[in-house]
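Numbering (our numbering), first residue to last: 33 to 650.
The structure appears below as structure tokens.
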């Protein structure tokens, strides 16, 4: 019997050429890990090129998975295991490995030409450079072709299944369930049963190889995370999928049809793909010819009484800015979802960043205030979408939702909410006249406001008696007629600003069990790494407080009081200090920014070091 060791957590990274199926392999391992009941967090990382030259460093695709028997928050700082399908994968990822980590290398791909392509003059498998690691040399390609010799496949076709052999081997090493993967492969290749059976054979061969080879003397067990989850039904979910489901839930809670006007752009396109599958929920998706047409159609749908949504990334927000300004002027509900990526311009399409905050706040001509909210984790994207819809529908305003590539593609367990946990978003449309003129005539005034929310009435076009003018030129207060009057323009600008300032948002909550003097304040996807870093410091006996902003415009009303309580406020951001700039301007508080713009999320260890320096006044 082989030895089985018990671990509390593991970080695995699958890496190979972008044609090696690493994302699929990682997805399958993640799905089985979720079904087993571990807490998990993932970090897919793929090249921006549609197909970079095979075997090159720019063509390396990887998928990192952190799973544990307890509550975790990040994909892990460093892998315990690297599966390297070729020399480029090894070279691109070796610097991230701690000494003693396991490397499973596909020796078949370490040919002289493949190694020279990435700068290896001699084989790293033979020159002693990997002596500090636990190296497993596995001829994955040869073993896969051998396992499939009874199938009527060419060698090239058989080689394509080597990712399934690797998945089988890792599934054996970590005692993962196999039923889900077998069911998935049969469904995926239902029209090509020969290919399905070949992949299944490769998967089982990988499992059996782990069971029988002497090179893998130990397997590992990571127990289910029974204490990490409150009772309920869970599923593994990515940020973009959670956001899609949140939009559908919001439209159902509002009893409005959902309309998405979108132009494909990485990393937002998955929302368009997902929503297009749900016509049965009254969802209509429109793939426009460009970004401007996408938001124009969404705003038209909002005018027509739908929950209008447009999805994009940073470069697309720039193109949509004039229409967002039009939505501010028309005072119609509209959700503008920005899945942020590295910029400026085309920038880094497949890497993450949170550098669109100031664009979301101010990236329009004139005074055009827009509420801004940001989810903190992949699963939280569901709640953030529902909250964005609440604000848009209640206050008749476009709302910016800032997710990012890390949240969009990463995944974690999500508790499926009960229906009675969702807010009632029911909308009351204008039904008839709402104003009486001096001569006693009853008329409909499209800019007569709710005194509490300052929202104007939402009138369905074509409703008898509710005819009104619409357009981007300044409105006369109340009547909505075109107005060039200076005093009226000043009044309308200040009223629109007051409407946004008056939005009801929850107070920010502070986690401070020890009466700390230093606060770490974040927003968006920095939540996981910040929380993991804070846990490390508290475990070492360091008192530190943590708070996280969901509402970035308007800020929570108690934010100024919270900031004033602490001697130091550290603000980590994946930009050059945009939230820090806003905090200094709004609350006149000197914050300590810690910034990173390398296309990758923060590492918890890195943040812990920065926070420790802040605690001790360095």
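Ideal Cβ positions, reconstructed from N, Cα and C, are used throughout, including at glycine.
| For residue 626, which residues from the same chain have a beta carbon less than 8 angstroms from its beta carbon, with the 5 sequence-adjacent residues on both sides left out? | Closer than 8 angstroms at the Cβ level, and outside the excluded window around residue 626, lie 602, 603, 604, 605, 639, 642.
| message | Report the start-end ranges of each alpha helix (DSSP H) in the segment 314-355 that is 4 residues or longer and not cut off at the edges. | response | Listed in chain order, they are 323-335.
| field | Exposure label - residue 547; buried when at least 16 CB within 10 Å | value | Taking all protein chains in view, the Cβ of residue 547 is surrounded by fewer than 16 other Cβ atoms within 10 Å, so the residue is classified as exposed.
| Exposure of residue 467, with buried meaning 16 or more beta-carbon neighbours within 10 Å | Counting the other CB atoms within 10 Å of its CB gives residue 467 a total below 16, which places it among the exposed residues.
| request: Taking residue 134 as part of the alpha helix (DSSP H), name the residues at either end of that continuous run. | output: Counting along the chain, residue 134 falls outside any alpha helix (DSSP H), though it belongs to the beta strand (DSSP E) covering 134-138.
| task | Pull up the distance between the alpha-carbon of residue 507 and that of residue 521, whole angstroms please. | result | Whole-angstrom Cα-Cα distance: 8 angstroms.
| said: Can you tell me whether residue 293 is helix, strand or coil according to DSSP? | reply: Three-state DSSP puts residue 293 in a strand.
| Delimiting residues of the beta strand (DSSP E) encompassing residue 583 | Counting along the chain, the beta strand (DSSP E) containing residue 583 begins and ends at 583-585.
| request: For residue 263, count neighbouring C-beta atoms within 10 Å of its own C-beta (all shown protein chains included) and say buried if the count is 16 or more, exposed if not. | output: Around the CB of residue 263, fewer than 16 other CB atoms lie within 10 Å, so the residue is classed as exposed.
| message | Can you tell me where the alpha helix (DSSP H) holding residue 70 begins and where it ends? | response | In this chain, residue 70 is not harboured by any alpha helix (DSSP H), its DSSP state being neither H nor E.
| field | Sub-8 angstroms separation of residue 350 and residue 340 beta-carbons | value | No, they are not a contact pair.
| field | Where residue 436 falls, given that 16 or more other Cβ within 10 Å makes a residue buried | value | Flag for residue 436 reads buried.
| field | With 16 other Cβ atoms within 10 Å as the buried cut-off, status of residue 444 | value | Its Cβ being crowded by 16 or more others within 10 Å, residue 444 is buried.
| message | Closer than 8 angstroms is the cut-off here; do at least three beta carbon pairs connect the segment 510-524 with the segment 410-418? | response | At 8 angstroms Cβ cutoff, the stretches do not touch.
| Are the beta-carbon atoms belonging to residue 413 and residue 274 less than 8 angstroms from one another? | Going by beta carbons, residue 413 and residue 274 fall inside the 8 angstroms limit.
| query | What are the boundary residues of the beta strand (DSSP E) that residue 96 is part of? | reply | It spans 92-100 - the beta strand (DSSP E) in which residue 96 sits, taken as one unbroken run.
| residue 165 and residue 131: beta carbons closer than 8 angstroms? | Yes, the pair counts as a contact, with Cβ atoms nearer than the cut-off.
| query | Looking only at C-alpha atoms, which of 88, 247, 257 sits nearest to residue 101? | reply | If we check each option's Cα against that of residue 101, 257 comes out closest.
| Short Cβ contact (8 angstroms threshold) for residue 406 with residue 218 | For residue 406 and residue 218, no; Cβs fall outside 8 angstroms.
| query | Is residue 508 helix, strand or coil when you go by DSSP? | reply | Here residue 508 sits in coil by DSSP.
| So what does DSSP say about residue 632, is it helix, strand or coil? | Secondary structure of residue 632 (DSSP, three-state): coil.
| query | What residues match up with residue 42 in a beta bridge as DSSP calls it? | reply | Looking at the DSSP assignment, residue 42 forms a beta bridge with 99.
| What's the gap between the Cα of residue 617 and the Cα of residue 530? | Roughly 18 angstroms between the two C-alpha positions.
| Closest Cα partner of residue 476 within the set 449, 403, 513, 453 | When the alpha-carbon of residue 476 is set against those of 449, 403, 513, 453, the nearest one is in 513.
| message | Which residue marks the beginning of the beta strand (DSSP E) containing residue 113, and which one marks its end? | response | Residues 113-116.
| query | Under three-state DSSP, which class holds residue 204? | reply | Assignment of residue 204 by DSSP, reduced to helix, strand and coil, places it in the helix class.
| message | I'd like the span of the alpha helix (DSSP H) that includes residue 276, first residue to last. | response | Segment 271-286, the alpha helix (DSSP H) holding residue 276.
| said: By the DSSP assignment, the beta strand (DSSP E) with residue 626 in it spans what residues? | reply: Its beta strand (DSSP E) spans residues 624-627.
| Rounded Cβ spacing between residue 84 and residue 76 (contact assumed at less than 8 angstroms) | The beta-carbon separation of residue 84 and residue 76, rounded to 16 angstroms, does not stay under the 8 angstroms limit for a contact.
| task | In angstroms with no decimal places, state the Cα-to-Cα distance between residue 129 and residue 156. | result | Going from the Cα of residue 129 to the Cα of residue 156 covers about 15 angstroms.
| task | In the DSSP assignment, find the unbroken beta strand (DSSP E) run with residue 457 in it and report its ends. | result | Unbroken run through residue 457: none, as it is neither H nor E.
| Cβ of residue 65 less than 8 angstroms from any chain D Cβ? | Looking at the structure shown, chain D is missing, and only one protein chain is on hand.
| query | Span of the alpha helix (DSSP H) holding residue 31? | reply | There is simply no residue 31 to check, as the chain begins at 33 and stops at 650 in what is shown.
| said: Quick check: the Cα distance between residue 226 and residue 185, rounded to an integer number of angstroms? | reply: Here the C-alpha atom of residue 226 lies approximately 9 angstroms from the C-alpha atom of residue 185.
| said: Bridge partners for residue 372 per DSSP, in chain order? | reply: BP columns for residue 372 point to 436.
| query | Got a sec? Which residues, its chain only, sit under 6 angstroms from residue 43 by beta carbon, not counting five neighbours each side? | reply | If we look at residue 43 and ignore the five residues flanking it on each side, its Cβ neighbours are 98, 108, 111, 112.
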